[in-house]
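Sequential numbering from 1 applies to the sequence shown in the working numbering.
Using N, Cα and C, we set each Cβ at its ideal position, and we do this for glycine too.
Small disclaimer: the values here were computed from a predicted structure and weren't measured.
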Amino acid sequence: MKVKGKRLAGFLLSLALAFVMMPQLAFADDAVAVIGDTEYSSLEEAVTKASAGDTIKLIANTELSSTLTINKKITLDLGEYTISSGFDTGDVYDNGEFVPLIDVTATGDLTLKGDGGKIDAGDNSDGDDNAINVAGKLTVNEGATVNAYNYTIFVMDEGKVILDGGTLTSDAGRYAVEFYGNYEEASLTVDSGNITSGGISVDSSYGAVITIKGGTFSDAEGGDGFEFSLYSTYSNSTTLAITGGTFTGCAGEFISCYTKQEDVSITGGTFDTDVRDYVPEGCEVAEKGDG
Numbered sequence: 001m002k003v004k005g006k007r008l009a010g011f012l013l014s015l016a017l018a019f020v021m022m023p024q025l026a027f028a029d030d031a032v033a034v035i036g037d038t039e040y041s042s043l044e045e046a047v048t049k050a051s052a053g054d055t056i057k058l059i060a061n062t063e064l065s066s067t068l069t070i071n072k073k074i075t076l077d078l079g080e081y082t083i084s085s086g087f088d089t090g091d092v093y094d095n096g097e098f099v100p101l102i103d104v105t106a107t108g109d110l111t112l113k114g115d116g117g118k119i120d121a122g123d124n125s126d127g128d129d130n131a132i133n134v135a136g137k138l139t140v141n142e143g144a145t146v147n148a149y150n151y152t153i154f155v156m157d158e159g160k161v162i163l164d165g166g167t168l169t170s171d172a173g174r175y176a177v178e179f180y181g182n183y184e185e186a187s188l189t190v191d192s193g194n195i196t197s198g199g200i201s202v203d204s205s206y207g208a209v210i211t212i213k214g215g216t217f218s219d220a221e222g223g224d225g226f227e228f229s230l231y232s233t234y235s236n237s238t239t240l241a242i243t244g245g246t247f248t249g250c251a252g253e254f255i256s257c258y259t260k261q262e263d264v265s266i267t268g269g270t271f272d273t274d275v276r277d278y279v280p281e282g283c284e285v286a287e288k289g290d291g
């Protein structure tokens with residue numbers, strides 16, 4: 001029995017030594033992102049080298065020196081890291097050009113996920129800033145946050161945005177999601193997640209389809225209350241359908257319809273303001289607590 005015990009102890013010691021001597025996963029000091037086992041010293045390089053369908057994993061904080069263009073289908077795993085701006089981002093109203101931190105083109109399909117990671121266009125309180133422009137498709141999943149002082153998501157043309165567990169924040173009196181383009185095919189779908197805005201949460205200037213199934217909408221600290229600002233043109237209409245979600249810190253005029261052609265329906269959700277005008281016949285409004 002003693003011999004067996006010694007043999008077992010020797011085996012366990014050998015196993016422990018083998019484990020200690022195994023190569024440990026380590027990245028180069030200048031690595032910012034990886035695709036599989038391949039390291040890249042910049043996020044721009046990783047995006048350029050990525051094939052459609054690849055997942056790019058961020059392994060360090062990074063600052064972009066110019067707009068990052070997404071023109072294919074990729075997933076960006078932010079992990080716990082932040083993508084920030086090292087240049088001035090602006091909007092069309094100031095200089096006639098869209099200057100976002102990230103630009104998802106008509107052929108682009110970007111999915112964001114993470115573990116507390118963030119895309120941060122900064123606190124440009126002296127001007128305007130854009131975090132992400134979307135002419136293609138953007139999905140923001142759980143663990144990923146997109147922040148801008150003024151314009152968090154700018155939806156261009158027929159762009160489509162899906163919020164599925166992620167977070168969008170805009171602290172100033174501007175827009176968390178702004179639709180810009182004469183296309184009613186543009187859309188926002190909120191399945192879950194959070195939108196925090198110190199002003200207009202969602203603004204549709206030229207037509208869009210907005211579907212709110214869940215999620216939490218709230219006013220930013222020091223904000224004036226958030227709202228939906230809806231506008232339709234003669235050729236393109238805006239549709240807002242709210243079937244769920246929690247809405248707190250609503251502005252006095254929670255939903256603004258400027259041309260009276262907008263199609264608004266609320267059949268579910270919890271609100272801290274009166275939304276009876278938008279509830280169709282046959283649906284019951286139940287008050288909870290003080291509201």
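Inter-residue spacing [alpha-carbon to alpha-carbon] between residue i and residue j
i: residue 319; j: residue 84; result: Here the chain has residues from 1 to 291 only, and residue 319 is not among them.
i: residue 52; j: residue 274; result: 46 angstroms
i: residue 187; j: residue 78; result: 24 angstroms
i: residue 149; j: residue 122; result: 6 angstroms
i: residue 177; j: residue 41; result: 32 angstroms
i: residue 245; j: residue 255; result: 15 angstroms
i: residue 262; j: residue 227; result: 15 angstroms
i: residue 197; j: residue 35; result: 34 angstroms
i: residue 268; j: residue 242; result: 6 angstroms
i: residue 264; j: residue 87; result: 39 angstroms
i: residue 66; j: residue 101; result: 7 angstroms
i: residue 74; j: residue 49; result: 11 angstroms
i: residue 113; j: residue 157; result: 24 angstroms
i: residue 56; j: residue 219; result: 33 angstroms
i: residue 38; j: residue 120; result: 26 angstroms
Cβ-based neighbour list, residue i, same chain, cut-off 6 angstroms, excluding 5 preceding and 5 following
i: residue 163; result: 140, 190 and 193
i: residue 142; result: 165
i: residue 201; result: 176, 195, 217 and 226
i: residue 138; result: 104, 110 and 161
i: residue 135; result: 105, 106, 156, 157 and 159
i: residue 21; result: For residue 21, the predicted model reports a pLDDT of 47, less than 50, meaning its position is unreliable; a value from the coordinates is still stated below. Correct list: empty, nothing qualifies.
Three-state secondary structure (DSSP) of residue i
i: residue 48; result: helix
i: residue 112; result: strand
i: residue 78; result: coil
i: residue 273; result: coil
Cutoff 8 angstroms; reference residue i; Cβ partners in own chain excluding five residues on either side
i: residue 272; result: 247, 248, 249, 250 and 291
i: residue 24; result: Bear in mind that the predicted position of residue 24 carries a pLDDT of just 44, short of 50, making it unreliable; the figure below should be weighed with that in mind. Nothing meets the Cβ criterion.
i: residue 30; result: 41
Limits of the unbroken beta strand (DSSP E) element including residue i
i: residue 87; result: No beta strand (DSSP E) contains residue 87, which DSSP labels as neither H nor E.
i: residue 33; result: 33-35
i: residue 197; result: 187-197
i: residue 170; result: 160-170
i: residue 151; result: 151-156
Own chain residues within Cβ distance below 7 angstroms of residue i, not counting five before or after
i: residue 71; result: 105, 107 and 108
i: residue 179; result: 155, 186, 203, 204, 205, 206 and 208
i: residue 144; result: 78, 112, 113, 114, 117 and 166
i: residue 214; result: 190, 191, 192, 244 and 245
i: residue 82; result: 61, 117, 118 and 120
Beta carbon proximity, residue i to chain D, threshold 8 angstroms
i: residue 163; result: This model lacks chain D altogether, as it is built from one protein chain only.
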